[in-house]
Each structure stands twice: as structure tokens, then as C-alpha cells.
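Okay, so here's the structure we're looking at.
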Amino acid sequence: MTTSMEKPSEPREPDARKPSGDVQAQSPRALTRARRRQAVARFWRQYRTHRAGLVGLAVLAVIALLALTAPLLVGADSQSVTNAPGGPLEEPSGEFPLGTDQFGRSLLALMLWGTRVSLTVGLLAAFLSVAIGTLIGITAGHFKGWYATVIMRVTDWFLVMPTLVLAIALATVLSRSIWTTILAIGVTTWPTTARLVRAQTLSVESRPYIERSRALGGGHGHIMSRHVLPNVMPLVLAQTTLVISTAILTEATLAFLGLSDPTIVSWGGLLQDAREAGAVSSGNWWYLAPPGLAIAVVALAFTLCGRTIESVLNPKLGVSR
1 MTTSMEKPSE
11 PREPDARKPS
21 GDVQAQSPRA
31 LTRARRRQAV
41 ARFWRQYRTH
51 RAGLVGLAVL
61 AVIALLALTA
71 PLLVGADSQS
81 VTNAPGGPLE
91 EPSGEFPLGT
101 DQFGRSLLAL
111 MLWGTRVSLT
121 VGLLAAFLSV
131 AIGTLIGITA
141 GHFKGWYATV
151 IMRVTDWFLV
161 MPTLVLAIAL
171 ATVLSRSIWT
181 TILAIGVTTW
191 PTTARLVRAQ
201 TLSVESRPYI
211 ERSRALGGGH
221 GHIMSRHVLP
231 NVMPLVLAQT
241 TLVISTAILT
251 EATLAFLGLS
261 DPTIVSWGGL
271 LQDAREAGAV
281 SSGNWWYLAP
291 PGLAIAVVAL
301 AFTLCGRTIE
311 SVLNPKLGVS
321 R
């Protein structure tokens, strides 16, 4: 009786054609989140190579921190006219680093409170403007025909009309409040975004996978939300940062003209108060300089961030570092 000796089986190499267990275990949502994290990491690596963008981001981070901590730093009583701690129009000193206004309130405290209002108006107005422009741009680029013709003629009308004049007209007709200012800025600054988004939508919808999606039964909502919108979002993000600076400047202009809520402290409102107090003719430079510089610095910081984002998302622009 012979016994056969069996050879030990050799380990087999994994089949490269079969996905590994880790990949099989991952759900489509997990894969999507992983790709998004990689995209964000790649974007940040490219963004931080631009010195101007980093400077703008650092300035915005400091200003946002000051705005959030304003109640803790100066307190709500600093806006009160009846409990003003100083005399009218005092020059900068150790007690009042930026001097006082015509009511004796600390300008440094008012500047911190004004930061909250200016940033809030700028962000909300820019969000409203970009949302309107994105909606109109995508639908005009997708549906075409008579709808696109009519909606783009309306857009052209808004483009040729001075934005500030339209905002002043709306702010004059409606009641004076922060929401009126946001509405006036948002509904008058969307045409540029609509034009850019429509051009990008036409480019996206000319690609073959859009035709395949239609052939597979994809409807208008599916194509616009799942294919067009993700491809125009980088452009929308860059445009948002640029619109924020415009919104802040417009809010300051409306407040300077006396068309905003007089009970709310903002940088433009401080300039209006300085003009009414005769700070220009009296030489009270500390009343005029801080709000004006703050508006310029924030607008410049948002512009630097916007240009850098635009450069990262579209390297063909060749923005200098």
C-alpha cells in the first residue's frame, strides 16, 4: 500500500482584476467623501503657494475673530450714547486708542461693533446675489430658446444700469433696516454672476456625458443639479469672494448716504456720523481714518482671496504669486 505525499499548496497571488476587500467595503458615499477630502487637500496645497492669498486669508481670519469676540472685548454698553465714557471728539490717547466720536463713545469699540454689521451685510448680500445669479445662469444656459432670450435681455438691462443707483432707489423706497440693505445689494449685483455661470453652463452641456445622461432618461433637474451645478461651483466660489468686497463697499456707501438703519453701528455709518460732525473741516482725522481704512483693508483682503481662488481653480489665468 503506497501513500501519496501531497505537496503543500503555494500561496496564490491576488488577482489584480478583482478589487480589494477595502475597496469593496467602501460605499459610494465613502468614496465620494474621500475624493472630496483629496480635492480639498489638493486645493489647499495649491492655495498656500500664493502669498497674496495667504495674506488676505490671515487678515480676514483676524477681522472675523474680532467681530465674533466684540461683545467680550468691549461690551454692549459701548454703543450707548447716554453712558459715553469720554468727552466729545477726544484725540487718541491711552484710554481711547482711536479717540472718541461726537457723543464721547470710544471709536475703537464702535469699530469692533461695526465689523460685525459690515461683515454680516457683505456675506448675506453676496450669498443672495450669487444665488440669484447662479440660478438664472444655469437655467438660461440649460433651457435656451425664448426663456434664455428673455432672461438674458433682463440681465443686460441690469448690467447697463448703475448698480449703486438701483440700490439707492430700493433703499429709499423700502424701510431703513439691515435687511433692506442686504436686499438692495443682492438684487442689483447678480447680473455679472449670471453671465459667467451661463457661459460655463453652455460649456458643460456641450460635453458628451451630458448627452449620455439625457439618453439614459435624465431629466432637466437631474442634469442641472447633478452634472452642471458641481462643474460651475468652483466659478461660483471664486465669484462669491469677489462679490463680498463689492457688497461691503456698497453697504458703506448706502450708510454714508444715510440710507441704512441709523440705530445700527457700521463702518459706513461711522463715516456718515463723522461727516455730520464736521470732522473734515475740523481736522478730526481719527474720526475718518479708521472706518475708511477698515473698509479698504477688508475689501482688499476679499479681493486677494478671490483672485487666488480663481487662479487655483483656473491655472490658465496665470495670476502672479
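For the sequence shown, our numbering puts the final residue at 321, and the numbers step up evenly by one. Where is the CB? At the ideal position from N, CA and C, for every residue including glycine.
Practice task
Tell me whether Gln-38 is buried or exposed, calling it buried when 16 or more other Cβ atoms sit within 10 Å of its Cβ.
Solution key: exposed
Practice task
Determine the extent of the alpha helix (DSSP H) in which Val-298 is found, giving its start and end residues.
Solution key: 285–313
Exercise for the section: Could you please give the first and the last residue of the uninterrupted alpha helix (DSSP H) stretch that includes Ser-260? Expected result: Looking at the DSSP string, Ser-260 is not in any alpha helix (DSSP H), and its letter there is neither H nor E.
Exercise for the section: State yes or no: is the C-beta of Gly-94 nearer than 6 Å to some heavy atom of the ligand GTP? Expected result: Annotation note on the ligand GTP: not contained in the displayed structure, which lists no ligands.
Handout entry: Simplified DSSP state of Ser-106, which is helix, strand or coil
Key = strand
Problem - Minimum C-alpha distance to Pro-262 - residue among Pro-234, Ile-138, Thr-181 - result: Thr-181
Practice task
Specify the secondary structure class of Thr-32 as computed by DSSP and reduced to three states.
Solution key: Thr-32 falls in the helix class under three-state DSSP.
Exercise for the section: With DSSP as the reference, label Thr-100 as helix, strand or coil. Expected result: strand
Handout entry: Leu-166 versus Thr-193, His-227, Gly-186, residue with shortest Cα-Cα distance
Key = Gly-186
Exercise for the section: Whole angstroms is fine: what's the gap from Leu-229's alpha carbon to Tyr-147's? Expected result: 19 Å
Exercise for the section: Leaving out five residues on either side along the sequence, give the residues of the same chain with a beta carbon under 8 Å from the beta carbon of Val-280. Expected result: If we look at Val-280 and ignore the five residues flanking it on each side, its Cβ neighbours are Ala-274, Leu-288.
Practice task
State yes or no: is the C-beta of Trp-113 within less than 7 Å of the C-beta of Val-297?
Solution key: no
Problem - CB of Val-197 within 7 Å of CB of Thr-115, strictly - result: no
Handout entry: Reduced DSSP category for Val-83 - H, G, I as helix; E, B as strand; rest coil
Key = Going by the sequence as given, residue 83 is Asn instead of Val. Note: Asn-83 maps to coil in three-state DSSP.
Problem - Coarse secondary structure for Ala-67, derived from DSSP in three states - result: DSSP places Ala-67 in the helix class (H, G or I) of the three-state scheme.
Exercise for the section: Return the CA-CA distance between Ser-203 and Ile-210, expressed in angstroms with no decimal places. Expected result: 11 Å
Exercise for the section: Give the secondary structure of Glu-325 by DSSP, where H, G and I count as helix, E and B as strand, and everything else as coil. Expected result: What the structure shows of the chain is the stretch from 1 to 321, and residue 325 is not part of that stretch, so it cannot be assessed.
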